[in-house]
Every structure is written in C-alpha cells, then in structure tokens.
Amino acid sequence: MVDNWGLQMKKLAIKIEKVSKSFMGLKAVNNLSFEVETATCFGLLGPNGAGKSTTMNMICGKARRDTTDNGTINVFGYDPEKNELDIKYLSGIVPQENNLDLELSVLNNLLIYARFYGIKKNDALPRIEYLLDFMELTEKKDSKIRTLSGGMQRRLIIARALINEPKLLILDEPTTGLDPQVRQLIWDKMRQLKNDGVTILLCTHYMDEAYQLSDSLIIMHNGKKVLEGNPISLVKDNIEPWVMEVNTPDKMADTRLQGAQRIERTYSRMMIYADHIDELNQAAKGLEDRDYMLRQSNLEDLFLKTTGRNLNE
Amino acid sequence: MNSTLTVRKIKSHPPSLVSRVLSVWFRHYRVYTQNLISNGFPPFLEPLFFLAGIGLGLGRYVGLIDGTPYVIFLASGIMAPPAMFTATFECTFGTFIRLVFDKNYDGMISSSITVRDLFAGEMLFAGTKGLVFSASVLCVIYPFKLISSPLGLLAPIGGFFTGLMFAALGLFITSFVKNINHFNFYFTGVVTPMFFFSGLVFPLDSLPPYLQHTAEILPLTHSIRFFRAFCFNHFDSQFAFSCFYIIIFTAVVGILAIRRLEKRIIS
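Top line first, the protein sequences correspond to chains A and B. Residue numbers for the first sequence follow the numbering used here, beginning at 581 and rising by one. Residue numbers for the second sequence follow the numbering used here, beginning at 880 and rising by one.
Pasting the structure below:
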C-alpha cells in the first residue's frame, strides 16, 4: 500500500497535508496539516466552530475537502475521496450525538451494526459478548435503549464502534455530559485499546480528557492549527508554570503583582501567571483562603491563552 | 472468544454492494417488526371499510362498469393505494425523522455503508412493504370472491413495484424538505388528488380528455392498471406502457433522489 507516502516507514495511521474546506466561501478548515502515528491517541482541540468536526468528517468521508488547493488526506494508505468504504471498514466512529435505534434492544442494535460490516451473526455474537463485558454492559444485553441512562448509551455507542475491530477509532466528544465514574472508565478503556494497537483520534472540549489520553494534539482556532505537540511539553513550553486565581481582585494591591509575568482579568476574577510559586505566595499574603487558589497551570490555561477568552459564536 | 481487542479483521474486505443494501433492509425490517401488531393491523382492515363504505354503499347507485359490477371494479384496484401510502410515509416522514431527528443515518454511514447503499436499501424495504400491504389486501378481499382470475393471486407483485416507485418519489420530495410540515404540500397537493384521479374509484374514460391525459402522468394510474391487468387477466398495450412507465419513473426519480440526498448528507 502506497509506500511513497512514507506511511509505513514512520508507521503513520493518518497524514493530512494542506487541507482546506470551505462552506459558502467561508473556510471552516484552512490549510491544515498533521500526522498521526499508529497506536497513539491524537487530540483535536479547539473552541466551537474551530473546524474539528469538519476535519474528522473529511477523514471518514462524511465531508469532501476542497479540491482547489491540492490538499491530501491519507488514512492507512487510502484517500477518503476515492476509498471512503475501505476507510470506514477499518474505522470505528463515536459520533457526538447518540444515534442508537431506540426501539431495539442492546443486542439487536449491535447485531444490526455488525451486519453493516458484513459480519455474520455467529461471528458477531461472541464479539458482542466480549464488547458488552468490556464496556460493563453485560446485564443490559436485552434492555431497550430507552431504558438506558445517558452513560450506558454512550458506553454502548463506543462498544458499537468497536464491533468491527477497528484500527482507527474516531471519538467526537466521547464523554460530554457523563459523570466522573463513567468518564474515568471510558478513559481507562481507551488506554487499553491504544495498548492493543488501535489509533485514536479524539475530538474534545475537555482539556483534562485531552491531557489524560493524547500522546500529541493540536489546538485549532478559526480553521487553522495554532499549536501542536505533546500535551506535557506544550504546557511546559508555552505558558508560565504557576497561576493564582483570585476571586476578589479588589483586595489585590497592584504593588503586590510585581513578580507576575502575565495577568488576565475578567469581570469577577483575576488570573496571575508566574514563573515561580514564591512570587505568587508573596502576592497572596493578606488574602483569605477562599479569596484565591494557587495551582500549576494546565492545558486549559494554555487553551484559553491561545484561543482567547472571547466566545467564538 | 478473543481476550484482547487485537487489530485483526473478521473479514478483510468491505462487504459487497448486495450485502450492504440488504443489511440496510434488515435494519429497517427489525425496527418495523418491533411494533408488528400496530403496524400490521391497518392494511387488513382498511380495504374492508373501503369496500363496504364505497363499494356496497355507493355501488347500489352505480351501474355496471364495462360489464363489471362496481364492487368488483373497485376491488381490482384497491391493492395499489396501501402500497403507495406505506412507501410514501416510509420515505417522507420516516426518512425525514431518521435523517433529522433520530440521526440514524449518521450512525449507519459511520459503518461501512455509503449513502447510496443506504437509500437503495430503504427503497427496497419500501418495495417489500408495498408487496406485503398489497398481499394483505388480497387476503382480505379474496374470500369475498371479488377477484375473478386466478392470476389475481400474483397481483401483489404490483405492490412491490408501486412501493419502489413511490419510495423514489418520496425520497425525491424529502431531499427538498427542510421542515417536516412541508410534507403537507406533497400529501394534499399530490398524493390525495392522485388517489381520486388515477382510475381507482371511477374509470378514466369518464373524465374529459385533458384530465385523462393528466391522469396518464400520475404514477398511481399505472400501478392501478398493473393490478387490474392481473385481476381481469387482460394484458394489452396499455399494460405494457404502464410497466415501462413504472420502470423508467422509478429509475430516473430514484437516481435523482439519491444524488440529492447524498449532497445533503455529505457536505
């Protein structure tokens, strides 16, 4: 399969080069390039409307990239424009919105989905049993979808996406609206899949999720890639390591802010970023415990720094 | 049973076109038969009401039509409308709900199913429903000895083609619809007049010539002619023309509909 892409040499699962996508003259994705290595998790981050979903849709053939600027997409050696079916056959997709057949039982939902991949009932049944166990849904096998909680439906959608033993798992906001127990469970399962050699493309708004799972990620803004790297070094290299969140900014005298590298103000709060914790400890003197929180800066701070605090809609 | 989620394919190639289309058919079949009693009930009862109400009630005031008692004339066409209605509902409201509200299609085309497979399977399912609905009407009217020719037992085949044809038309209409209420225009403006002006309740030659020509444009006219040919064992050139019409209409409108829906789903 297509050696000149260099996919096999670097063991890449996905390679995207200079891809754009316009909707009515507006560039939803603008000259985007990135590579995803096999058996890693790649995070796609960005505010609403940044072009994440469009990017995912172009990868699995649900959106067609612009043909005007010679962008290329390569997934396991296939081009979604020409080999949509081959890519979908190798992939599992967890959509943002649940779309199970509500009238049917858990088992029937999975059996029908297996059939879409041409998997016969006898081959599908042991696989379904395994996946229900994997997603801790075994006792719900015969329940109607209507009777399942949101968390169970989400786990079932993930099980459904795994029915064809995909090499690539595409997750669009997999844990939105779920309780911490379910989120942790899903993250754990995703790590297990990665160890088993599955490549994961993760689109999320949760920075902790991206930080936990991604081996590398990009932050997109207005259709463009603004940052790329692995989450740990991205945070280390691009933002001050310490931050103090002050809930009572009027109690902060300006004289105590000398050690701060950067200050962000919102209506009710103040964020003080600094290279050293001592400077922030110094600034915190005179404040009560509930007036502030001192912590290490994280991916969310970096995300807000790069994409701005303004709403993007 | 495998102990890990190894990257090993159960099969190495995507399934064939036939297998993909049938898998969509199978999905619709499973969902439909979940509520078999409430879904399967109307096609058995409606023709009885229709024949009793119109055929017996009105029939007393109507003389013979081409030498045939009115209730027999009516019975020979009555297998067509249920096929039309079931395929039309399936591929207008049904399709729209799956497309916009339930987002089922999004899930289906995430697997190894293309948009074309999806709607080909959907049309095939609507055709099957047409066949079953026509056949159930036949079951109800046959014991009353309203069908004279034994070939009438094969007439439900017309239900399959009627179902396919109205599925194609329904999908074509749906490809334009942005708001579910807009289907009212189609039902009131197209489906209802078609029911009255397609030769079901009275023969077309009793209409003024310009309306006769208009009726020849309507798809249901050709379905009804198909059924009548079997019920009266009378296959003439008009029957041949209707078969031709049904095939061409289904193919052209079906392809246009699927192309338009593909553009709507794949951005």
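Ideal Cβ placement from N, Cα and C applies to all residues, glycine included.
Using only CA atoms, which one of the options lies nearest to residue i?
i: residue 1046/B; options: 993/B, 1010/B, 1029/B, 945/B; result: 1010/B
i: residue 781/A; options: 605/A, 625/A, 611/A; result: 625/A
i: residue 619/A; options: 819/A, 677/A, 772/A; result: 772/A
i: residue 1077/B; options: 1062/B, 1101/B, 978/B, 1140/B; result: 1101/B
i: residue 850/A; options: 862/A, 827/A, 728/A, 654/A; result: 827/A
i: residue 775/A; options: 714/A, 601/A, 621/A; result: 621/A
i: residue 1036/B; options: 1017/B, 1050/B, 1022/B, 1053/B; result: 1017/B
i: residue 787/A; options: 672/A, 657/A, 829/A, 879/A; result: 879/A
i: residue 858/A; options: 823/A, 716/A, 745/A, 603/A; result: 823/A
i: residue 676/A; options: 1071/B, 982/B, 976/B, 933/B; result: 982/B
i: residue 865/A; options: 837/A, 847/A, 844/A, 845/A; result: 837/A
i: residue 736/A; options: 647/A, 714/A, 756/A; result: 714/A
i: residue 769/A; options: 790/A, 739/A, 744/A, 867/A; result: 739/A
i: residue 986/B; options: 629/A, 812/A, 869/A, 637/A; result: 637/A
i: residue 974/B; options: 1005/B, 896/B, 1097/B; result: 1005/B
Contact check, residue i vs residue j under 8 Å by CB: the rounded distance?
i: residue 886/A; j: residue 801/A; result: 7 Å
i: residue 1001/B; j: residue 970/B; result: 7 Å
i: residue 753/A; j: residue 784/A; result: 6 Å
i: residue 653/A; j: residue 599/A; result: 6 Å
i: residue 614/A; j: residue 747/A; result: About 18 Å; that fails the 8 Å criterion.
i: residue 798/A; j: residue 671/A; result: Their Cβ separation, rounded to whole angstroms, is 19 Å, which puts residue 798/A and residue 671/A out of contact at 8 Å.
i: residue 711/A; j: residue 742/A; result: 6 Å
i: residue 794/A; j: residue 623/A; result: 4 Å
i: residue 1028/B; j: residue 1112/B; result: 4 Å
i: residue 596/A; j: residue 612/A; result: 6 Å
Using a Cβ cut-off of 8 Å, pull out every chain A residue sitting near residue i, in sequence order please.
i: residue 1145/B; result: 641, 642, 643, 644
i: residue 1000/B; result: Simply none; closest approach about 10 Å.
i: residue 905/B; result: 692, 695
Flag this pair as yes or no: are the beta carbons of residue i and residue j separated by less than 8 Å?
i: residue 1044/B; j: residue 951/B; result: no
i: residue 966/B; j: residue 900/B; result: no
i: residue 733/A; j: residue 678/A; result: yes
i: residue 860/A; j: residue 882/A; result: no
i: residue 997/B; j: residue 903/B; result: yes
i: residue 1079/B; j: residue 960/B; result: yes
i: residue 1109/B; j: residue 1014/B; result: no
i: residue 1105/B; j: residue 1040/B; result: yes
i: residue 682/A; j: residue 725/A; result: yes
i: residue 877/A; j: residue 808/A; result: no
i: residue 1062/B; j: residue 980/B; result: no
i: residue 910/B; j: residue 1140/B; result: no
i: residue 1042/B; j: residue 1071/B; result: no
i: residue 716/A; j: residue 680/A; result: no
Would you say the beta carbon of residue i comes nearer than 7 Å to a heavy atom of the ligand FMN?
i: residue 820/A; result: What this structure holds is no ligand at all, so the ligand FMN is not there to describe.
Give the interface partners of residue i over in chain B, defined as CB-CB distance under 7 Å, in chain order.
i: residue 660/A; result: Simply none; closest approach about 10 Å.
i: residue 673/A; result: 989
Report the rounded CA-to-CA distance for residue i versus residue j, giving the unit in angstroms.
i: residue 1032/B; j: residue 957/B; result: 14 Å
i: residue 1133/B; j: residue 814/A; result: 52 Å
i: residue 582/A; j: residue 1073/B; result: Its pLDDT being 48, under 50, residue 582/A is placed unreliably in this model, and the coordinates cannot settle the point.
i: residue 591/A; j: residue 778/A; result: 12 Å
i: residue 633/A; j: residue 642/A; result: 10 Å
i: residue 697/A; j: residue 955/B; result: 43 Å
i: residue 1131/B; j: residue 1121/B; result: 15 Å
i: residue 839/A; j: residue 888/A; result: 23 Å
i: residue 627/A; j: residue 803/A; result: 10 Å
i: residue 655/A; j: residue 666/A; result: 10 Å
i: residue 891/B; j: residue 908/B; result: 27 Å
i: residue 930/B; j: residue 953/B; result: 7 Å
i: residue 695/A; j: residue 984/B; result: 15 Å
i: residue 761/A; j: residue 686/A; result: 21 Å
i: residue 888/B; j: residue 1145/B; result: Note that residue 888/B has pLDDT 46, beneath the 50 cutoff, so the model's placement of it is unreliable and the number below is only indicative. If I take the Cα positions, the gap works out to 27 Å.
i: residue 659/A; j: residue 594/A; result: 10 Å
i: residue 841/A; j: residue 854/A; result: 5 Å
i: residue 1143/B; j: residue 663/A; result: 20 Å
i: residue 729/A; j: residue 1127/B; result: 48 Å
i: residue 991/B; j: residue 707/A; result: 18 Å
i: residue 871/A; j: residue 831/A; result: 9 Å
i: residue 1137/B; j: residue 1051/B; result: 8 Å
Kindly list, in the order they appear in chain A, the residues whose Cβ is closer than 9 Å to that of residue i.
i: residue 993/B; result: 641, 664, 665, 668
i: residue 898/B; result: 695, 698
i: residue 919/B; result: Going along chain A, no residue has its Cβ under 9 Å from residue 919/B, so there is no contact; the nearest lies around 15 Å.
i: residue 936/B; result: Residues of chain A passing the Cβ test: none, with the nearest at roughly 39 Å.
Which residues of chain A have a Cβ atom closer than 7 Å to the Cβ of residue i, listed in chain order?
i: residue 983/B; result: 679, 681
i: residue 902/B; result: 695, 696
i: residue 913/B; result: 683, 684
i: residue 894/B; result: 697, 698
Can you name the residues of chain B whose CB is closer than 8 Å to the CB of residue i?
i: residue 688/A; result: 909
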